[in-house]
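Student: Protein chains in written order, with the working numbering: chain A, 127 to 371; chain B, 167 to 771.
1) Which chain B residues sit within Cβ distance under 7 Å of residue 206 of chain A?
2) Taking one C-beta from the stretch 160-179 of chain A and one from the stretch 218-229 of chain A each time, how about it: are there three or more such pairs within less than 8 Å?
3) Please report the straight-line C-alpha distance between residue 226 of chain A and residue 174 of chain B, rounded to a whole angstrom.
4) Quick one: is residue 77 of chain A near chain B, going by C-beta distance under 8 Å?
5) Quick check: what's the CA-CA separation for residue 449 of chain B versus residue 301 of chain B?
6) Residues of chain B with CB closer than 7 Å to the CB of residue 413 of chain A, please, in chain order.
7) Please determine, among B/738, B/312, B/332 and B/282, the residue with the shortest C-alpha to C-alpha distance to residue 298 of chain B.
8) Compute the beta-carbon to beta-carbon distance between residue 276 of chain A and residue 366 of chain A, rounded to the nearest angstrom, for a pair I have assumed lies under 8 Å.
9) With distances taken from CA atoms, which of B/234, B/199 and B/280 is nearest residue 261 of chain B?
10) Could you check which residue in A/180, A/177, A/186 and A/313 has the C-alpha nearest to that of residue 150 of chain A?
11) Taking the continuous alpha helix (DSSP H) assigned at residue 237 of chain A, which residues delimit it?
12) Helix, strand or coil for residue 235 of chain B? Go by DSSP, reduced to three states.
13) Taking all protein chains shown into account, decide if residue 242 of chain B is buried (16 or more other Cβ within 10 angstroms of its Cβ) or exposed.
14) Have a look at residue 394 of chain B and residue 388 of chain B and give me their C-alpha separation to the nearest angstrom.
15) Using a C-beta cutoff of 8 Å, does residue 178 of chain A count as contacting chain B?
16) In the DSSP assignment, what residue or residues form a beta bridge with residue 333 of chain A?
17) Is there a C-beta anywhere in chain B that falls below 8 Å from the one on residue 328 of chain A?
18) List, in order along the chain, the chain A residues whose C-beta lies closer than 7 Å to that of residue 392 of chain B?
19) Would you tell me roughly how many angstroms separate the C-alpha atoms of residue 139 of chain A and residue 330 of chain B, rounded to the nearest one?
20) Where do the ends of the beta strand (DSSP E) carrying residue 160 of chain A lie?
21) Does residue 366 of chain B get closer than 8 Å to chain A when you measure Cβ to Cβ?
22) Return the residue from the list B/392, B/182 and B/263 that minimises the CA-CA distance to residue 169 of chain B.
23) Residues of chain A with CB under 8 Å from residue 174 of chain B, in chain order?
24) Could you work out which residues of chain A lie near residue 255 of chain B, taking near to mean beta carbons separated by less than 8 Å?
25) Evaluate residue 407 of chain B with the Cβ neighbour count: other Cβ atoms within 10 Å of its Cβ, from every protein chain shown; 16 or more gives buried, anything less gives exposed.
26) Compare the beta carbon distance of residue 159 of chain A and residue 278 of chain A with 8 Å and say whether it is the shorter of the two.
27) Any Cβ of chain B within less than 8 Å of the Cβ of residue 233 of chain A?
28) So with Cβ pairs under 8 Å, would you call residue 183 of chain A a contact of chain B?
29) Anything in chain B within Cβ reach of residue 225 of chain A, meaning under 7 Å, just list it in chain order.
30) In whole angstroms, give me the CA-to-CA distance for residue 415 of chain B and residue 231 of chain B.
31) From residue 362 of chain A to residue 328 of chain A, what does the alpha carbon distance come to, in whole angstroms?
32) Is it right to say residue 190 of chain B is buried, meaning 16 or more other beta carbons lie within 10 angstroms of its own, or is it exposed?
33) Per DSSP, residue 736 of chain B is paired with what?
34) So, is the C-beta of residue 142 of chain A closer than 8 Å to a C-beta in chain B?
35) Should residue 576 of chain B be labelled buried (16 or more other beta-carbon atoms within 10 Å of its own) or exposed?
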């Protein structure tokens, strides 16, 4: 059973083609790792899923509806954590939460309070004074407090220190395993996918070259390239950067 | 419900985010009101409302740019638009909220200034509530127009500087095209202080409304097209070129301000912008302004009648009011200038005295002050452009405005500017005199007397005699028959006297001659012979003429001799070889309680 599907998504920035017939399938209740090199189109894909960008063609299946672009009501069912946080820095954490809560009917203040407590975030601190890692954790707390059907994260561990990274991954594992939430996260850290992912999609030059269980990636790469591949990193490199292997 | 909740959250955020800036802009703009007051009193401006609203229009761009920059530009420059875009509210809702907040913020900053202006203006400018409402409506729409256009341009990202540059440049480039201003963006945004739009209070609203709709539509479309992707793509960090462009826009703005010289300064137009509903108001002037001087002169004459010492330099005089119970002086001490407002109260018991004031003021200020509903247009139409410096007056617009004001067609009024171009200023006034007959007929036969009485004074005041004399010169290639002009005048006056003998004093038409009489070896005298006794106040007026140009050497007659008998000789002390032109003129200030002025051209031997 899937939460989200895309059908034949095309997207281009002017003449620069980014996505070329993307068919993404995110199973319900699982963690989907979205792998790709820098510039492969991961962020573009996630922004299309959020309705921030509109695909040139193709459709999305979400919440029982097939749409070309996510409507506001569908977006209310998706929690989104972007790669870099552009919060209003003059706001305090609690004011930011209050602001965000205005757009989500399912917002749980109780959950938010619990999350920022678990993540050691001061509700009275100004957002502008938070570190990059704390802002990322705050973004996750905000996204999870909306009670989303699907949690979408764009490289959530990029640029954060190892401790914050560990907290973020632990939180993701927790919400996925304990609460059964569906998580779609992009990354270029293969070990993260290996650690918390159930499924993986490998994006290369605008197309998915692999989309299935994480543990099938090595065999697939070995079969496709005919090379002796031992681990996920080797499989990833073989699929998206064959010149390096 | 979700929409309302989302909108409320966005509105609350915008207010919290920018309230400090909005208050700062409000505090910054407040002194402009008092600057307007200083400009009004210090530059000879006569209407605080006009100059202050003009200044407000200056400030509106500052306020609007500040507000829209905060709401739109800052969002993109700081990248917070990405955060907003990731939230459920669609782009059109986010943009709409910004539009509404922008409009409200600009109005909240600018409109209090408007009401302060109106409140202060009431001290010396009697305006009706309805007129205030009209002005308020116009100002409001102008503010909305500015905000809407700026809102749209702001979404053009790095191209916005170019667009502003183009808009500003277009004003400078196309300013010479007739009526172009009335329909352009700037006309809607900065021009409502001009005479045209205030004479026709509702005429500018449609133009303003069009620009509001256009700016709003384009702005919302740009903001929401494909989820608001255009501004995202177009915005970038300001470059050196952007800053140069921004500076160019400011410079062009200054140039545009030169194009519209009436903006922001006290203006003679001020009182003309007052509506006819304020017809009780006649004049307000500054001591150094010609009008103020005229007031002083009038009061000198008043003193001769009333023996009341009245010294005011800003005067409000209700029409036909008795001047003796001058009361309620309101003194404004500003720069040690004697600025006094008088409000005239009481019944009319001395029409002659009132007419002296009117005559003096109208003669000096060419009659533009009185907006009497039935005949004021004649003074406006003729007098203003006879005696006032023409300068940068927009006659074509004013002509249209006057015509509309008095229920006429534009072409019903003499194209004074065209006549001036063709004949020159001096001859034009003579032609205008002929035109009076037609205009009198236009106003109705029964009004002829009043028309003539009103028109005579402003058209042929003392300083216009030169023009009249020029028209009678045989060598003047104007093609104007001086005899025809004189006949027209006398016919009009006679008709007026026939119909309104109680108001228009019949001046006997003098016949006679003037001639140059050799006196001593180096001088020439002027002799006259009339076919009847001259009335009181008849004068012999002698002008030296420049030989080559055949124009008067001076702006006023050099010799004015009393004419007490039907014949005589007056010394001029002019050189024997000089050219002079002599006229016997009858100018009696007060005859049977009415001011009547006539004149007679005498034939030369």
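We put the beta carbon where it would ideally sit given N, CA and C, even for glycine.
Tutor: Taking the structure as given:
1) 252
2) The stretch 160-179 of chain A, when compared against the stretch 218-229 of chain A, does not touch it at the 8 Å Cβ threshold.
3) 12 Å
4) Only positions 127 to 371 of chain A appear in the structure, and residue 77 of chain A is not among them; the question remains open.
5) Because the pLDDT at residue 449 of chain B is just 37, under 50, the model does not fix this residue reliably, and the point stays unresolved.
6) The requested residue 413 of chain A is not part of the displayed model; chain A covers only 127 to 371.
7) For the residues B/738, B/312, B/332 and B/282, the minimum Cα distance to residue 298 of chain B belongs to B/282.
8) So it is not a contact: roughly 25 Å between Cβ atoms.
9) Among B/234, B/199 and B/280, the Cα nearest to that of residue 261 of chain B belongs to B/234.
10) A/186
11) 235-244
12) helix
13) buried
14) 7 Å
15) yes
16) A/330
17) No, residue 328 of chain A lies away from the interface with chain B (no Cβ there is under 8 Å from its Cβ).
18) 180
19) 27 Å
20) Start and end: 157-162.
21) With a pLDDT of only 40 at residue 366 of chain B, under the threshold of 50, the placement of this residue in the model should not be trusted; the figure read from the coordinates follows. It does not; no Cβ of chain A falls within 8 Å.
22) B/263
23) 228
24) 198 and 229
25) exposed
26) no
27) no
28) Chain B contact via Cβ: absent.
29) The contacting residues are 175 and 179.
30) Each residue's alpha carbon lies about 12 Å from the other.
31) Spanning the two alpha carbons is a distance of roughly 8 Å.
32) exposed
33) Answer is B/692, bridged to residue 736 of chain B.
34) no
35) The pLDDT assigned to residue 576 of chain B is 48, lower than 50, so where the model puts this residue is not dependable, and the model offers no usable value.
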